[in-house]
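In what follows, a single structure is set out as structure tokens and then discussed.
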Amino acid sequence: MSVARGLRLGIPLTEPELAQLEGQQQNALDIVPILNAYGADHRDEWAGLYIDDAAGGAIAVQFTGHLDDHMLAIANLLPPDAQWHVRQVRWSLRDLQALAERIKADQAFLKAAGAPYYGGGVDDRANIAILRVQSDDPSIGDKIIEHYDAVGRLEVRVFEPDWSGPRGDLVATIVWPDGRPVEDVDCQLVPDEPKAWGEDIRATGDEGVCPFKNVGATGILVQIIRDEPDGRRLLIGEGRVRVKA
Numbered sequence: 017m018s019v020a021r022g023l024r025l026g027i028p029l030t031e032p033e034l035a036q037l038e039g040q041q042q043n044a045l046d047i048v049p050i051l052n053a054y055g056a057d058h059r060d061e062w063a064g065l066y067i068d069d070a071a072g073g074a075i076a077v078q079f080t081g082h083l084d085d086h087m088l089a090i091a092n093l094l095p096p097d098a099q100w101h102v103r104q105v106r107w108s109l110r111d112l113q114a115l116a117e118r119i120k121a122d123q124a125f126l127k128a129a130g131a132p133y134y135g136g137g138v139d140d141r142a143n144i145a146i147l148r149v150q151s152d153d154p155s156i157g158d159k160i161i162e163h164y165d166a167v168g169r170l171e172v173r174v175f176e177p178d179w180s181g182p183r184g185d186l187v188a189t190i191v192w193p194d195g196r197p198v199e200d201v202d203c204q205l206v207p208d209e210p211k212a213w214g215e216d217i218r219a220t221g222d223e224g225v226c227p228f229k230n231v232g233a234t235g236i237l238v239q240i241i242r243d244e245p246d247g248r249r250l251l252i253g254e255g256r257v258r259v260k261a
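To convert, take the position in the sequence shown, counting from 1, and add 16; that gives our numbering.
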């Protein structure tokens with residue numbers, strides 16, 4: 017993800033860094049649709065994918081089992097120079113999404129427990145469902161996890177919605193390697209500080225721009241998510257920024 021050619025989230029790149037970034041982006045563009053289609057056909061064990069910066073931007077492909085079988089099948093689908101690897105995790109994406117949706121539909125319980133619902137979803141990289149609530153009860157996370165019998169499947173992030181620190185605005189411009197704007201995707205913010213919420217999700221328009229107002233001045237992971245016709249939400253890119261007041 018880049019703001020413009022030669023920039024990564026507003027930070028100038030050297031020519032080698034730019035070449036590496038564009039190679040990573042092209043690798044993702046080439047193989048992510050193929051991998052997601054394969055995952056849709058193997059949902060019992062499919063656990064999503066993400067861009068693995070620690071592996072040079074290769075695509076980490078996750079399954080709950082039969083790794084050798086999946087590796088062989090995927091290798092036959094992808095070009096030989098594709099950068100990817102397989103990782104075994106505990107939970108399928110389908111199971112985690114079902115848990116997240118179950119909790120979202122059960123907001124009456126959370127409100128009665130004194131922990132209003134502030135959002136949730138699935139962290140593919142961590143292979144866990146995420147729930148954000150507000151509460152002053154230090155044990156509320158454990159209580160919620162026990163209620164949903166979700167030990168190891170659910171992370172409860174407890175925070176107060178009022179951010180006392182400085183705030184700033186953020187504009188994320190999402191472009192393809194050739195500079196064309198990426199249209200009709202969502203930009204979702206995941207701040208380092210749980211309280212630093214302002215506007216936390218925006219959709220790109222024709223210009224590929226996601227503007228955010230009144231965001232806590234802290235480090236933020238910007239995730240680029242696309243809605244698929246079958247209802248899945250796919251992470252297609254991400255990058256880190258720091259918002260200044």
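Heads up, the beta-carbon is just placed ideally off N, CA and C, and yes, glycines get one too.
Item checked: Own chain residues within Cβ distance below 6 Å of Arg258, not counting five before or after -> Gly235
Next item on the list: Could you please give me the residues that DSSP links to Arg256 through a beta bridge?
Entry: Per DSSP, Leu237.
Next item on the list: State the beta-bridge partners of Thr1 as determined by DSSP.
Entry: Because the chain spans 17 through 261 in this model, residue 1 falls outside it and cannot be assessed.
Checklist line | Coarse secondary structure for Val105, derived from DSSP in three states | finding: coil
Next item on the list: Entirely within the region 117–166 and at least 4 residues each: give me those alpha helix (DSSP H) ranges in chain order.
Entry: Qualifying alpha helix (DSSP H) stretches, in chain order: 123–128, 156–163.
Next item on the list: Quick one: using the 10 Å Cβ neighbour count with 16 as the cut-off for buried, is Arg196 buried or exposed?
Entry: exposed
Notebook entry, point to check: What three-state label does DSSP hand Val48 in the structure shown?
Noted result: helix
Item checked: Arg118, buried or exposed, once every other Cβ within 10 Å from all chains shown has been counted against 16 -> exposed
Notebook entry, point to check: Secondary structure at Leu94, three-state DSSP: helix, strand or coil?
Noted result: coil
Next item on the list: Look up Gln78 in the DSSP assignment and give the residues it is bridged to.
Entry: According to DSSP, residue pairing for Gln78 in a beta bridge involves Arg103.
Notebook entry, point to check: DSSP three-state call for Gly168: helix, strand or coil?
Noted result: coil
Margin query: According to DSSP, simplified to helix, strand and coil, what is Asp243?
Written below: Here Asp243 sits in strand by DSSP.
Check: Sorted by chain position, which residues of the same chain lie with C-beta nearer than 8 Å to Val198's C-beta, five sequence neighbours on each side aside?
Finding: Within the same chain, Val198 has close Cβ partners Ile190, Val191, Trp192, Thr220, Gly224, Ile240.
Check: Apart from the five residues on each side of it in sequence, which residues of its chain come closer than 7 Å, Cβ to Cβ, to Tyr66?
Finding: Ala76, Asp140, Arg141, Leu251
Next item on the list: Report the option in Pro182, Ala74, Ile156, Asp111 whose CA atom is closest to the CA atom of Leu126.
Entry: Ile156
Checklist line | Buried or exposed (CB count within 10 angstroms, at least 16 for buried), Glu244 | finding: exposed
Checklist line | Nearest-angstrom Cα separation, counted from Phe79 out to Gly55 | finding: When rounded, the distance between both Cα atoms is 9 Å.
Note to self: So, with DSSP's three-state summary, where would you put Gly195?
What the structure shows: coil
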